[in-house]
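Same order as they appear, the protein sequences are chains A and B. Following this note's numbering, the numbering of the first sequence begins with 310 at its first residue and continues without gaps. Following this note's numbering, the numbering of the second sequence begins with 12 at its first residue and continues without gaps. Working notes for the structure below.
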Amino acid sequence: MIGREVSVRYGTRRVLERLSFEILAGAWTCLVGPNGCGKSTLLRALAGLIDLDQGSISLEGRLLADWSRRERARRIGWLAQTSSPADLTVSECVALGRFAHTGWLGAVQSADAAAIARALAATGASDWATRRLSTLSGGERQRVQLARVLAVEASVLLLDEPTTHLDPPHQEDICRLLRAQAQGCGATVVSAIHDLSLALMADRLLVLGPQGLVGHGTPEQALAGDWLSLAFGKSIKIIRSGAGYAWQPQLG
Amino acid sequence: MARATQRSRFTHWLALGCLVTLLLTAASLLVGTSTIRASLDWLASPDAQSNTVLWQIRLPRAAGAWLAGALLGLGGALAQGLFRNPLAEPYLLGSASGAGLGVSLSLMAVEPLGSGGAGWGGLAWGGLAWGGQIGITGAAFIGACAAITLTVLLSRGVMQTASLLLAGIVVGFLLSAITSLLLLRSPDTWRAMQAFLLGSTGYLNWHSCALLALTFALCIVPALLLARGLEALALGEDTAQSLGVSLRVLRLTLLAVLSLATASTVGQVGIIGFVGLVAPHLVRETFSINQRQLLIAAPMCGGALLLAADLISRWAVRPAELPVGVVTACIGGTYLLLMLWRRARHS
């Protein structure tokens, strides 16, 4: 996905200002930045859910606006930051991920059923298939929503805070899953994640600050350029921990 | 396996609903100004009078009440899905107030003519002239449609749920205020309006039934076809759009269906509250159900509710009748209170 001079405004407030970037296919890119810097807005723009004030976003070399609604829905899976507690069972919710494939009547073919089963298994939600969303905890609901996104079997996954409500082991599982989607399945994964230790597990970082794009590159490049401190406007201490990195809060 | 169990439970529920409807319809044939024994005698040995009472008055009234209740139940399920609000009801776009204003204008227009006879509050049912030969049914229908159009115009389209709801409330209050102002000037019209405002199934005939049945067929088909869109919408507007749902098509179509259902119902039986609000809740409380099943079960429940309310309204103060809207308000209000109490106990 390529963005050129992307600007978005809500009313008179400009949220994104002339942002240009390229999101690599088959890699997991994490959006990082302080609250209100436009991470969710950028994800919504990438999903084609909001109109751009200026600029363009293209997918597979074609402008996003030129894709039909259905074609776009088959190629882009999207997870909202918060989801409504809908009165659905887990399997009904995940089956909605196949909407762009099955259409309004929702006739589930064997390929759809297989995609739903794979998504449920990948997120560890198979055991709750018959339960209603209202009976699940916040973390369980989040995993079901992620399963719904995976069931699309899209080439691009856009995820706004996918680890919200999850306990640490499940956060780790989800990050492992995102990496597998990118490296194993060749999907382009873009996620906004607040936890810097988790975000630094991604293949690439797109760091946003209050003034716009701070940098776009590998975690090593971000650390070398101290992009995180620039984005957050204060010193951010990252230490190496095993094969990855960990954010060390400075309380003193 | 679980899907099959759910489908089987739904089939059983539908069978039970059909049985209850049949029993209520049979009871509707027996209850009226005559005694039940007389009604049974009429059934056993029919004559010209009994044929008229049973098959030309009581049966179309029962069938019409069921259809009107079914349309309200469907409207309630659609409104609650479309606005993602369990308290949404079919009249929330101002249709009831619009219909009220249409009827009051119609009655005031005909009042100088001094019409009498059968119909709403003693005024002729089909013979009223307002802007030609529209009649009360037409006036209510046009009023309801005009109110909904005004609501959509005020909210600048159908894409903003909050604006739509707010515009509906504004239009409802505004048109009610205009109606009250008009009625203050005309006490006779006010009396005639009472039957309309409190709802009545007393003027339903086979012609009304045909009209309501046609409306029901026109409403249920698109509603069922778009049921999956409502399920997607339940996850949030952005999520629904990302799944490939066209919110504009979904909203415009379902609002048109909702408008047609409420305008037709109000035109035939006046303003009957609570059925549209309570029927979907009653179904959801009974068993776990998906959106498409709800759009089938809620009309069935709404139909049975209004049929039962009509029966009570005729039975309670025989040989007189209670306004059916009062009975539905009592049943619906009590049910909602019980639901609140049960939920409070669970929490």
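Yeah, the Cβ is synthetic: ideal placement off N, Cα and C, and Gly gets one too.
- In the structure shown, residue 24 of chain B adopts helical secondary structure according to DSSP, grouped into three states.
- The beta carbon of residue 304 of chain B does not come within 8 angstroms of any beta carbon belonging to chain A, so the residue lies off that interface.
- If you draw a straight line from the Cα of residue 323 of chain A to the Cα of residue 278 of chain B, it is about 49 angstroms long.
- Of all C-beta pairs linking the segment 166-174 of chain B to the segment 288-297 of chain B, fewer than three are shorter than 8 angstroms, placing the two stretches out of contact.
- In this chain, the beta strand (DSSP E) harbouring residue 497 of chain A covers 497-501.
- For residue 556 of chain A, the three-state secondary structure derived from DSSP is strand.
- Residue 414 of chain A: not part of any beta strand (DSSP E); DSSP gives it neither H nor E.
- Around residue 359 of chain A, the same chain offers 317, 350, 353 as residues with beta carbons nearer than 8 angstroms, after the five sequence neighbours per side are excluded.
- By the CB criterion at 8 angstroms, residue 409 of chain A and residue 254 of chain B fall inside the cutoff.
- Think of a sphere of 9 angstroms around the beta carbon of residue 252 of chain B: the chain A residues whose beta carbon falls inside it are 356, 357, 358, 378, 382, 387, in chain order.
- In the DSSP assignment, residue 338 of chain A forms a beta bridge with A:499, A:513.
- Closest option to residue 335 of chain B, judged by alpha-carbon separation, among B:34, B:206, B:270, B:244: B:206.
- Closer than 8 angstroms to the CB of residue 452 of chain A there is not a single CB belonging to chain B.
- According to the DSSP secondary-structure assignment, residue 330 of chain A is paired through a beta bridge with A:312.
- In terms of Cα proximity to residue 120 of chain B, the closest of B:247, B:150, B:108 is B:150.
- Listed in chain order, the alpha helix (DSSP H) runs fully inside the segment 135-195 of chain B are 146-165, 172-195, counting runs of at least 4 residues.
- In chain order, 303, 306, 307 place their CB closer than 8 angstroms to the CB of residue 235 of chain B, counting only its own chain and leaving out the 5 sequence neighbours on each side.
- Annotated three-state conformation of residue 346 of chain B is helix, per DSSP.
- Using a 10 angstroms sphere on the CB of residue 332 of chain A, the tally of other CB atoms reaches 16 or more, which defines it as buried.
- With respect to the 8 angstroms criterion, residue 395 of chain A and residue 513 of chain A are not classified as neighbours on the basis of their beta carbons.
- Taking the C-beta atoms as reference points, residue 42 of chain B is found nearer than 8 angstroms to residue 322 of chain B.
- Here the alpha carbons of residue 106 of chain B and residue 158 of chain B stand approximately 6 angstroms from one another.
- For residue 83 of chain B and residue 257 of chain B, the gap between their C-alpha atoms comes out near 26 angstroms.
- Among the residues facing chain A, residue 56 of chain B is not included, as its CB has no counterpart in that chain under 8 angstroms away.
- The beta-carbon separation of residue 347 of chain B and residue 90 of chain B, rounded to 16 angstroms, does not stay under the 8 angstroms limit for a contact.
- Straight through space, the alpha carbons of residue 229 of chain B and residue 112 of chain B are spaced by roughly 26 angstroms.
- Counting along the chain, residue 52 of chain B sits inside the alpha helix (DSSP H) bounded by residues 47-55.
- Assignment of residue 109 of chain B by DSSP, reduced to helix, strand and coil, places it in the helix class.
- Here the segment 452-463 of chain A makes contact with the segment 425-432 of chain A; the two share three or more CB pairs at distances below 8 angstroms.
- Cβ contact annotation for residue 162 of chain B (same chain, cutoff 6 angstroms, sequence separation greater than five): 104, 105, 178, 179, 182, in chain order.
- Neighbourhood of residue 437 of chain A in chain B, by CB distance below 9 angstroms: empty, with the nearest CB roughly 11 angstroms away.
- Residues of the segment 81-97 of chain B whose Cβ lies closer than 7 angstroms to any Cβ of chain A, in chain order: 95.
- A straight line joining the alpha-carbon of residue 280 of chain B with that of residue 148 of chain B spans about 9 angstroms.
- Taking a beta-carbon distance threshold of 8 angstroms, residue 500 of chain A does not count as an interface residue toward chain B.
- Annotation: the segment 433-504 of chain A contains the following complete segments of the beta strand (DSSP E) (minimum length 3 residues), in chain order: 465-469, 497-501.
- For the pair of segments examined, the segment 414-425 of chain A was found not to touch the segment 381-398 of chain A: the number of CB pairs separated by less than 8 angstroms stays below three.
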